[in-house]
Amino acid sequence: MVQLVSQALRAGSQDAPAAAPAARRPAVLVVGAGGALGSAVVEALLAGGAFAPVRVLVAQDLRAGLDGLESVAAPVSFDADPGADAQASAPLADTALVVFDRIRHANGRDDAFWRAEPALLPAIAAWLRRGGVRRLLVVLPHQVATLPQALKAGLASLDEQAVAALGFEHFVIVRSAQPPLASPNRGLQKLADLVLAQLRLMTPQPEQPVRAKKVAELAARLAARLPSAAPGTRVMAPEWVWHAAQVVHIDTVVDAWLAGRPPPPRPAGKIRL
Numbered sequence: 043m044v045q046l047v048s049q050a051l052r053a054g055s056q057d058a059p060a061a062a063p064a065a066r067r068p069a070v071l072v073v074g075a076g077g078a079l080g081s082a083v084v085e086a087l088l089a090g091g092a093f094a095p096v097r098v099l100v101a102q103d104l105r106a107g108l109d110g111l112e113s114v115a116a117p118v119s120f121d122a123d124p125g126a127d128a129q130a131s132a133p134l135a136d137t138a139l140v141v142f143d144r145i146r147h148a149n150g151r152d153d154a155f156w157r158a159e160p161a162l163l164p165a166i167a168a169w170l171r172r173g174g175v176r177r178l179l180v181v182l183p184h185q186v187a188t189l190p191q192a193l194k195a196g197l198a199s200l201d202e203q204a205v206a207a208l209g210f211e212h213f214v215i216v217r218s219a220q221p222p223l224a225s226p227n228r229g230l231q232k233l234a235d236l237v238l239a240q241l242r243l244m245t246p247q248p249e250q251p252v253r254a255k256k257v258a259e260l261a262a263r264l265a266a267r268l269p270s271a272a273p274g275t276r277v278m279a280p281e282w283v284w285h286a287a288q289v290v291h292i293d294t295v296v297d298a299w300l301a302g303r304p305p306p307p308r309p310a311g312k313i314r315l
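Mapping of the sequence shown onto this note's numbering: position 139 corresponds to residue 181, and the numbering continues sequentially without gaps.
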């Protein structure tokens, strides 16, 4: 009995085993975090919890007021290396999202974020690749009924092909439809715009615009799922974006698309856009 008590006392005096360190979450960088879509993408990434920190490319000083949000100053030229010594400097992020969005004039906060222009996509992508980014996801809205059917699920330009050749582990383009801007034109041009608007009303439902919040949620979940998917270049057609907006669990759509399976059945009821 005395021996058992002595052993128990010795056991109690030993230090408790150290807790296992928490798994490191990968960093993500958002280029084009302003606008309705860009800001929604940042919110979805922060809420999802798959990435830490969530970094945003800024054009001017920005004091992040949210936990987990960091700012990265945009370079004067994307031809320069992200760090003075690319080998010694830390990667910009494991994953980057480039969001192309319209200018939003409702508030001045968007002015702090660097705004992405489609013509700069190859230069931005090359800069990200030199900065250690391994996975690139580009959210590229287009106006309804303006993209040929053959290009909706494939690379649509030489710029996109150039990005695909940079050697990212994953390069994903999400094509989402967006409503056209109100036309300021008059006369014959206004008539032509009205005719085009009527044609857009005839666009099938799966090619109709989806709310920015839904597109952002899809992009965030897709970015989180990429590490477990097979490497490669993929293009998500607008029909898949629309379908993701109709289901309760977006992950089911993301997993099916990444695996090359048909989309899951859409719940019966009112269509959500």
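Every residue, glycine too, gets a C-beta built ideally from N, C-alpha and C.
Computed from a prediction, not measured in an experiment: that's the story for all the values here.
Cβ-based neighbour list, residue i, same chain, cut-off 7 Å, excluding 5 preceding and 5 following
i: Ala128; result: The pLDDT assigned to Ala128 is 45, lower than 50, so where the model puts this residue is not dependable; a value taken from the coordinates is nonetheless given after this. Around Ala128: Arg172.
i: Gly174; result: Pro133, Leu134
i: Leu108; result: Leu88
i: Pro273; result: Glu211, His212
i: Ala167; result: Leu178, Val205, Leu208
i: Lys255; result: Ala82
Neighbourhood of residue i by C-beta distance below 6 Å, restricted to the same chain and skipping five residues each side
i: Leu268; result: Arg177, His212
i: Ala158; result: Val73, Gly74, Val140, Phe142
i: Ala262; result: Ala86, Leu87, Gly90
i: Ala271; result: Leu300
C-beta atoms of residue i and residue j nearer than 9 Å
i: Gly74; j: Asp136; result: no
i: Val216; j: Leu260; result: yes
i: Ala138; j: Ala116; result: no
i: Arg97; j: Ala69; result: yes
i: Val277; j: Ala195; result: yes
i: Val214; j: Thr275; result: yes
i: Arg308; j: His285; result: yes
Nearest-angstrom beta carbon gap, residue j and residue i [assumed within contact, 8 Å]
i: Phe120; j: Leu162; result: 7 Å
i: Ala219; j: Pro280; result: 5 Å
i: Ala82; j: Ala258; result: 4 Å
i: Leu197; j: Ala206; result: 6 Å
i: Trp156; j: Leu99; result: 4 Å
Classification of residue i by the beta-carbon crowding that lies within 10 angstroms, buried from 16 upward
i: Gln288; result: buried
i: Gly77; result: buried
i: Pro251; result: buried
i: Asp183; result: Checking the displayed sequence, the identity of residue 183 turns out to be Pro instead of Asp. Buried, because 16 or more other Cβ atoms sit within 10 Å of the Cβ of Pro183.
i: Val283; result: buried
i: Ala122; result: exposed
i: Val290; result: exposed
i: Val181; result: buried
Cβ of residue i within 9 Å of any chain D Cβ
i: Arg144; result: Note that chain D does not occur in the displayed structure, where there is just one protein chain.
Cβ neighbours of residue i in the same chain (closer than 8 Å, five flanking residues each side left out)
i: Ala265; result: Val70, Leu87, Ala92, Phe93, Thr137, Leu139, Arg177, Leu179
Please list the segments of the alpha helix (DSSP H) lying wholly inside the region 77-139, counting only runs of 4 or more residues, in order along the chain. 77-90
My parser needs the alpha helix (DSSP H) runs of 4 or more residues fully inside the region 248-275; what are they? 254-267
Which runs of the alpha helix (DSSP H) spanning at least 4 residues fall entirely within the region 160-189, listed in chain order? 163-172
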